[in-house]
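This report concerns only the one structure given below.
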Ligand code: 26Q
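Numbering (the working numbering), first residue to last: 9 to 843.
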């Protein structure tokens, strides 16, 4: 290897970046901004709409990050501390500038520098495109984890994919979702550093060959492969005011230099070069399915590409420091798998250790089984990932060998545990036999890991008792819970500066790194002046959202109404339909002149449907149709509005969650693993209306039942009802419900669009409806009525709102990361002593 003879002199070693030295003042920021704008970007005139103003600000901030980044890297290398690699196909980062300035502590300095030029920092923030490299909860969770790990000084590196196109943009056209590509890299991504020196090769195709080595040992090789180059791009992840900067390393696929010789020799030079496109396709686009739709070959390529490049990168780093001695590898490394998406890493680590580094099977397995840890994010059995064995044979033949071997040895283990229990062997086998044998990725992840966790207490219990029961019986000690969280730096400090200041005024700013301090707000829940200020912040945030809504939809919203919000991916189990039924119900009350509406309400629903999920797209169309009628019917006056929020994403949530009064978390019990939007709303003083599902259970426990609007069947009741569920009886026995269904059937909401509501109505009436929407209708309506009455009592509502924020301390990812660290990772914080 070239590295052996190469001379390396780290810049850190020549004292250039020994300690951060750039001033954090407005003067210095202005000077650096001017330098980048004029000399690097080569511009003279500041046009607020061009990207260059934003880019120059990023470069000025990035210099401050660079110093701290180099230092953090150096300390972790020199101290040889145990580290974690967080492997995830998704990192839903959103915008980075506001967060970076906040964490560096240079918001005011930067704002002042720009003011001197007559510019507004808020406008600069707005020029940044979201890095939308994820679908929803799972991807955003990974991003919150990185922020908290850096803040806790934990040596955690994120590994992901640098998709050329992130989550699609959603346009609403005549009520229908239309997808548009997200070319987020078009104007460049000024945060990333390409690290071509760490490029790795990832292999596909070919065949697995057996040979005898010089010592007469039988060995395996993977030959005749088609190779793809993995090039890392690093993104800095600053901790909150602690001078730590961790790394998110995103891999981009590129063709290797060797082209197809046959084509080349046949004289097709251009074709030979062009065919290299296939390699680059691997990281072209994020798959937009929040659940299911398994089996796409390109998706498997993405998964293996991430796993292989990341593990090779970690092994390279190890070998640089320790040579080919792996005896302490497991002591010093841990890989956290974000769902089964990167679970192929279990087999890939085996392959690398055995084939490339000559370890025995047992040595390699001991390392794998004590370094891999798996987090599950779903209870939907249909969402459990499986891949056809045949696809593996074609794409990853050597990996298939290894999975078969893992399985053979695992089956021996099962038979030792339960002699003669063949049913159990069949149930637990990594291979699901049948006409098309499939590899069960979750089982591979469980067998290959020392820890398996769910993401909320209820979810983790249901995993142990249901989906993974056999495995929990075999290895009870592997299974654990880690309740999700969100970072309060982005989801309170940065996105709700009004509330953040008010809180800090009363209890100090300790909550930014210890969210449990919010408990102290309880004292002020009856303080009239504080309550008044609390309400005025909420109103300001509602005005801001109203403004944003009008800009996006043209609809004027009354900020004096109850803001009832449900934003998340569109999925049947999340029951946006139930929300729509309630809107129709209120509309019906108004039309009948029942005068039942005590608090005028604005219902806001937002979210994207997977492009291939027909029912989800249908639901969007139905909501939009209902919205149009409600919003234009003069009889409604200003008692009710229904708005579909288009193109919901991370930045949208930063405006939405500070403005919500009521947070709708209404999934069918037992279906939502955790939810994390629920936590963002709670932190910002919204009260939840929700089922006993996911983390709602813990939210209610924390805030007290009197400050939470509970409705719906429990997991047990749902299970009991299944099999003899008769949705029609709920409709027939409830005149209000009957009227809602009749109005939807009447064509009132689809005058010239026959059939638009057919599928949705049929789904609700289906005895096999897994989501049991009809069963929960009445209790949802009742809970909504209770919420409305509470809202109308201004003092009572303010108190509930304050108590929700006060009780949200547990839902910080700082707590989540401490839990991971205490039970699974066991990392020492990065020391500052080396500075
Ligand atoms: C599957 C097949 C092919 C392509 C993509 C996918 C795919 C992609 C993303 C499957 C699932 C996801 C994302 C799942 C997800 O976001 N789950 C959510 O995770 C949150 C964090 O733990 C939980 O709070 C939510 O309850 C859970 O739904």
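Don't be surprised by glycine CBs; every beta carbon is placed ideally from N, CA and C.
Note to self: residue 609 and residue 569 - do their beta-carbons sit closer together than 8 Å?
What the structure shows: yes
Notebook entry, point to check: Does the Cβ-Cβ distance between residue 466 and residue 816 come in under 8 Å?
Noted result: Going by C-beta atoms, residue 466 is not nearer than 8 Å to residue 816.
Notebook entry, point to check: DSSP beta-bridge partners for residue 177?
Noted result: 188
Checklist line | Nearest-angstrom Cα separation, counted from residue 385 out to residue 726 | finding: 20 Å
Check: For residue 424, which residues from the same chain have a beta carbon less than 7 Å from its beta carbon, with the 5 sequence-adjacent residues on both sides left out?
Finding: none
Notebook entry, point to check: How would you label residue 24, buried or exposed, when you count the other beta carbons within 10 angstroms and need 16 or more for buried?
Noted result: At residue 24 the pLDDT is 48, less than 50, meaning the model places this residue with poor confidence; the figure from the coordinates comes in the next sentence. Classification of residue 24: exposed, given that the 10 Å Cβ count is below 16.
Check: Residues bridged to residue 230 by DSSP?
Finding: 216
Next item on the list: For residue 463, verify whether its CB is less than 7 Å away from any heavy atom of ligand 1.
Entry: yes
Notebook entry, point to check: When the distance is taken between beta carbons, is residue 719 closer than 8 Å to residue 784?
Noted result: yes
Notebook entry, point to check: If you draw a straight line from the C-alpha of residue 586 to the C-alpha of residue 762, how long is it?
Noted result: 22 Å
Margin query: Quick check on residue 381: does DSSP put it in helix, strand or coil?
Written below: strand
Next item on the list: Can you say whether residue 27 is buried or exposed, counting buried as having 16 or more other CB atoms within 10 angstroms of its CB?
Entry: exposed
Notebook entry, point to check: Can you list, in chain order, the residues of its chain whose CB lies under 8 Å from that of residue 796, leaving out five sequence neighbours each side?
Noted result: Correct list, in chain order: 570, 605, 606, 607 and 609.
Checklist line | Any non-hydrogen atom of ligand 1 within 7 Å of residue 555 CB | finding: Result no, Cβ not under 7 Å from ligand 1.
Notebook entry, point to check: When DSSP labels each residue in this structure, what does residue 248 get in the three-state scheme?
Noted result: Correct three-state label for residue 248: coil.
Note to self: Relative to the C-alpha of residue 244, which candidate in 202, 231, 29 and 234 has its C-alpha closest?
What the structure shows: 202
Next item on the list: Compute the distance between the beta-carbons of residue 32 and residue 121, then report whether it is under 8 Å.
Entry: No Cβ-Cβ contact shorter than 8 Å links residue 32 with residue 121.
Next item on the list: Please list the segments of the alpha helix (DSSP H) lying wholly inside the region 394-476, counting only runs of 4 or more residues, in order along the chain.
Entry: 397-403, 405-425, 430-436, 449-455 and 465-470
Notebook entry, point to check: Straight-line CA distance for residue 295 to residue 362?
Noted result: Between residue 295 and residue 362, the C-alpha separation is close to 32 Å.
Margin query: By DSSP's criteria, residue 649 is part of a beta bridge. Which residues make up the other side?
Written below: 610
Notebook entry, point to check: So, helix, strand or coil for residue 760, using DSSP?
Noted result: coil
Item checked: Reduced DSSP category for residue 595 - H, G, I as helix; E, B as strand; rest coil -> helix
Next item on the list: Give, in chain order, every unbroken run of the alpha helix (DSSP H) that is at least 4 residues long and sits entirely within the region 306-353.
Entry: 337-340
Check: Opposite residue 260 in the DSSP bridges: which residues?
Finding: 239
Item checked: Where residue 477 falls, given that 16 or more other Cβ within 10 Å makes a residue buried -> exposed
Next item on the list: Taking residue 701 as the reference, give the member of 676, 712 and 611 with the closest Cα.
Entry: 676
Notebook entry, point to check: So what's residue 589 in DSSP terms, helix, strand or just coil?
Noted result: DSSP places residue 589 in helix when its eight states are reduced to three.
Next item on the list: Classify residue 545 as helix, strand or coil using the three-state DSSP reduction.
Entry: helix
Next item on the list: Drop a sphere of 10 angstroms on the beta-carbon of residue 310, count the other beta-carbons inside from all chains shown, and report buried for 16 or more, exposed for fewer.
Entry: Counting every other CB atom within 10 Å of its CB across the protein chains shown gives residue 310 a total of 16 or more, marking it as buried.
Check: If you drop the 5 nearest sequence neighbours on each side, which residues of the same chain put their C-beta closer than 8 Å to that of residue 387?
Finding: 467, 470, 471, 474, 475, 678, 679 and 681
Item checked: Beta-carbon spacing of residue 248, residue 80 below 8 Å -> In this structure, residue 248 lies away from residue 80, with their beta-carbon atoms at least 8 Å apart.
Note to self: Measuring only the C-alpha atoms, how far is residue 690 from residue 673?
What the structure shows: 11 Å
Check: Rounded to a whole number of angstroms, what is the C-alpha to C-alpha distance between residue 518 and residue 823?
Finding: 14 Å
Note to self: Using a 10 Å radius around the Cβ and a threshold of 16 neighbouring Cβ atoms, would you call residue 626 buried or exposed?
What the structure shows: buried
Check: Just to check, is the beta-carbon of residue 702 closer than 7 Å to a non-hydrogen atom of ligand 1?
Finding: yes
Check: Quick one: is residue 666 buried, meaning 16 or more other Cβ sit within 10 Å of its Cβ, or exposed?
Finding: buried
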